[in-house]
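4 protein chains.
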Amino acid sequence: VSTHTHSVRIYYEDTDLSGLVYHANYLRYMERAREHLLGPDELVRLYTEEGIGFVVYHAELTYKKGARLGDVIEVRTDVRAESEFRLIFEQNTWSTGATPSLMVEGLIHLVTVDRNDKLIRVPRSVIERLSSG
Amino acid sequence: VSTHTHSVRIYYEDTDLSGLVYHANYLRYMERAREHLLGPDELVRLYTEEGIGFVVYHAELTYKKGARLGDVIEVRTDVRAESEFRLIFEQNTWSTGATPSLMVEGLIHLVTVDRNDKLIRVPRSVIERLSSG
Amino acid sequence: VSTHTHSVRIYYEDTDLSGLVYHANYLRYMERAREHLLGPDELVRLYTEEGIGFVVYHAELTYKKGARLGDVIEVRTDVRAESEFRLIFEQNTWSTGATPSLMVEGLIHLVTVDRNDKLIRVPRSVIERLSSG
Amino acid sequence: VSTHTHSVRIYYEDTDLSGLVYHANYLRYMERAREHLLGPDELVRLYTEEGIGFVVYHAELTYKKGARLGDVIEVRTDVRAESEFRLIFEQNTWSTGATPSLMVEGLIHLVTVDRNDKLIRVPRSVIERLSSG
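Protein chains in written order, with the working numbering: chain Z, 1 to 133; chain W, 1 to 133; chain P, 1 to 133; chain H, 1 to 133.
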């Protein structure tokens, strides 16, 4: 199972008055990466047909270096099933270019819930996709 | 029917690298004001019990002057029922302080839809609240 | 000068409780498209070296149909210089797939300002890029 | 030094298709609370006059229960100076009403930087305000 890479371009909307990306936005980029890793179509199918949703249970972020307008950064994701009920994503954001450097370290715990927001086992289809990734 | 006023404080999250509020955010402030004007509890009741939602059909914004971190601005709203199917909100944003000035002019057309996103008449409870406002 | 096309994928972050994209976000997508059209590198250079920024002066949006999670939509942009001081972008958002349909019509007026937020002529480098686009 | 409380109302813009608040937004609410605790005017003064900015260095969030449209939630903040260079904010979000429950646990490490993004000591004015809070 290899590291999944997702590129994000930084637009005006991403920055704040410091000129750097607003800190909460890295959680967005990490989520975008997870959606690609899990498969957008399967995510939508699970949600609309089976009422299964993914919920962030825990998040840890360490900010090393901020991205700026025009930058293209990379979210590199490794995932493992911690248990039948929890997926753990190590999601580090790197600058791109000649000498990439680590910008933000992320650790995200995801669980799955049913229509009534009750915890359920991570669906088999998701586990299989991740194992073959 | 008097003008409704809603105050908004500008935080880091609202700004972009220009130091001013990111232009799309004024649509958020106008929506917050509309929710207060229509009544948050009634909005939630309409949505959860009757499946009725409000949808922006048309929006026009003219930007005169940008707000900055720490500013408290005011969305002043006047509303009228254009027809049984459409509410029109004139929503101008003003700076506060000794000499308020107009920051952003807004005109928002709202319609109501049912669970299947079909256009419906604006609910009576909403019209009555607006008439007595 | 041909129509510029920019694709946007819809993520969780883009939606609201209606299941559709939150209305203000289309202004973000239109801005992303404009940044690509104007050239991100040139935008950054103008801002950091010359202190020149782009500011939305006027925006009109008409919402026809909402995008959903997993959709890939397209912002199609045509631009013209209305005067030496103003660029007008016609930015319509379309669904993709076998039978694309118009989702949101947008009209955005852009002006350029200097470090002191004073209106200036649109820089020559921008006009030239747009003419050759 | 007592616990600081900041109320946040949940609007359409805060939710995603799950009907609950989008997870990244709690970082925004925590930041709003910190700005009030530190003093918006002093924050602006530090930034514009002295070029001093606050930067999140580390964030940990644990999500227990999601907020919904129309909810009013409370960010309760306790802060301590971990060193001359770092402030640690314990920021827990609670539901309001007859029986408040814990929604999101947050722990935020803040540092201060100068105009060149170099780490500096937390300004005396900030420490004093926090000690007298």
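Every residue, glycine too, gets a C-beta built ideally from N, C-alpha and C.
Under a three-way DSSP split, which group does R32(W) fall into?
Assignment of R32(W) by DSSP, reduced to helix, strand and coil, places it in the helix class.
S101(Z) burial status per 10 Å Cβ neighbour count (16 or more: buried)
Answer is exposed; the Cβ neighbour count stays below 16.
R45(P) in three-state terms, based on DSSP
R45(P) falls in the helix class under three-state DSSP.
DSSP three-state assignment for S2(H), whether helix, strand or coil
Looking at S2(H) - three-state DSSP - the assignment turns out to be coil, as it is neither helix nor strand.
When burial is assigned at 16 or more other CB atoms within 10 Å of the CB, is D134(Z) buried or exposed?
Absent from the model: residue 134(Z). The displayed extent of chain Z is 1 to 133, so no value can be given.
Which of the three DSSP states is assigned to S101(P) in this structure?
Coil, per DSSP.
Among D41(P), L107(P), S132(P) and K64(P), which has the Cα closest to the Cα of L87(P)?
It is L107(P) whose Cα lies nearest to the Cα of L87(P).
Status (buried if at least 16 other CB within 10 Å, exposed otherwise) for A98(H):
With a threshold of 16 other beta carbon atoms within 10 Å, A98(H) falls short and is exposed.
Are the beta-carbon atoms belonging to E35(P) and Y11(Z) less than 9 Å from one another?
In terms of Cβ geometry, E35(P) and Y11(Z) form a close pair [threshold 9 Å].
So which of L20(H), E90(H), R28(H) and K64(H) has the shortest CA-CA distance to A81(H)?
Closest option to A81(H), Cα to Cα, is E90(H).
Looking at chain Z, which residues of the segment 106-129 of chain P have a Cβ within less than 7 Å of any of its Cβ atoms?
Within the segment 106-129 of chain P, no residue has a Cβ that lies closer than 7 Å to any Cβ of chain Z.
Three or more C-beta pairs under 8 Å: does that hold for the segment 61-80 of chain H against the segment 23-43 of chain H?
Result yes; three or more Cβ-Cβ pairs closer than 8 Å.
Using a Cβ-Cβ distance cut-off of 9 Å, determine whether R9(P) contacts chain H.
Interface residue (Cβ-Cβ distance to chain H less than 9 Å): R9(P) is not classified as such.
Burial state of D41(W) (16 or more Cβ within 10 Å):
Counting every other CB atom within 10 Å of its CB across the protein chains shown gives D41(W) a total below 16, marking it as exposed.
Between which two residues does the alpha helix (DSSP H) harbouring V126(P) extend?
Segment R124 to S131, the alpha helix (DSSP H) holding V126(P).
Rounded to a whole number of angstroms, what is the C-alpha to C-alpha distance between D117(H) and P123(H)?
The alpha-carbon atoms of D117(H) and P123(H) are separated by roughly 15 Å.
Using a Cβ-Cβ cut-off of 7 Å (strictly less than) and excluding sequence neighbours within five positions of M30(W), which residues of its own chain qualify?
Result list for M30(W): V75, Q91, G106 and I108, in chain order.
Candidates T15(W), R45(W), R129(W) and E13(W): closest to G70(H) by CA position:
Nearest C-alpha to G70(H) among T15(W), R45(W), R129(W) and E13(W): R45(W).
In whole angstroms, what separates the C-alpha of L110(Z) from that of D16(P)?
If you take the alpha carbons of L110(Z) and D16(P), they lie about 20 Å apart.
Taking C-beta pairs closer than 9 Å, name the residues in chain Z that L46(P) reaches, listed in chain order.
Residues of chain Z passing the Cβ test: none, with the nearest at roughly 11 Å.
Extent of the continuous beta strand (DSSP E) run through A24(Z):
Run containing A24(Z): none; DSSP gives neither H nor E here.
What residue does the beta strand (DSSP E) around G53(Z) start on, and which one ends it?
Here the beta strand (DSSP E) through G53(Z) covers G53 to Y63.
For T3(P), I'd like the list of residues in its chain whose CB is within less than 7 Å of its CB, leaving aside the five on either flank, ordered along the chain.
Here T3(P) has R76, T77 and D78 as same chain residues with Cβ atoms under 7 Å from its own Cβ, once five neighbours each way along the sequence are excluded.
Would R80(P) pass as an interface residue toward chain Z - the criterion being a Cβ-Cβ separation below 9 Å?
Taking 9 Å as the CB threshold, R80(P) stays off the interface with chain Z.
C-alpha gap between Y57(P) and S131(H), whole angstroms:
Whole-angstrom Cα-Cα distance: 44 Å.
Could you please give the first and the last residue of the uninterrupted beta strand (DSSP E) stretch that includes I136(Z)?
Here chain Z has residues from 1 to 133 only, and residue 136(Z) is not among them.
State the Cα-Cα distance for the pair M103(P) and E60(Z), rounded to the nearest angstrom.
The straight-line gap separating the alpha-carbon atoms of M103(P) and E60(Z) is approximately 37 Å.
Could you round the C-beta distance between G53(H) and L20(H) to whole angstroms and report it? I think they count as a contact, below 8 Å.
No, G53(H) and L20(H) are not in contact; Cβ-Cβ is about 32 Å, not under 8 Å.
Can you tell me which of H6(P), S18(P), R121(P) and S7(P) puts its alpha carbon nearest to the alpha carbon of R68(P)?
It is S18(P) whose Cα lies nearest to the Cα of R68(P).
Less than 8 Å between the CB atoms is what I'm expecting for G39(Z) and R129(Z), so what's the real figure, rounded?
Contact between G39(Z) and R129(Z) holds: CB atoms are separated by about 6 Å, below the 8 Å threshold.
Interface residues of chain Z facing T15(W) [CB-CB closer than 8 Å]:
Chain-ordered, the chain Z residues with CB closer than 8 Å to the CB of T15(W) read D16 and L17.
Alpha-carbon spacing of H6(W) relative to I73(W), whole angstroms:
In a straight line, the C-alpha of H6(W) is about 8 Å away from that of I73(W).
Beta-ladder partner(s) of G106(H), from DSSP
Note: G106(H) sits in a beta bridge opposite L61(H) and Q91(H).
Please tell me whether L61(Z) has its Cβ less than 9 Å away from any Cβ of chain H.
By this cut-off, L61(Z) is an interface position.
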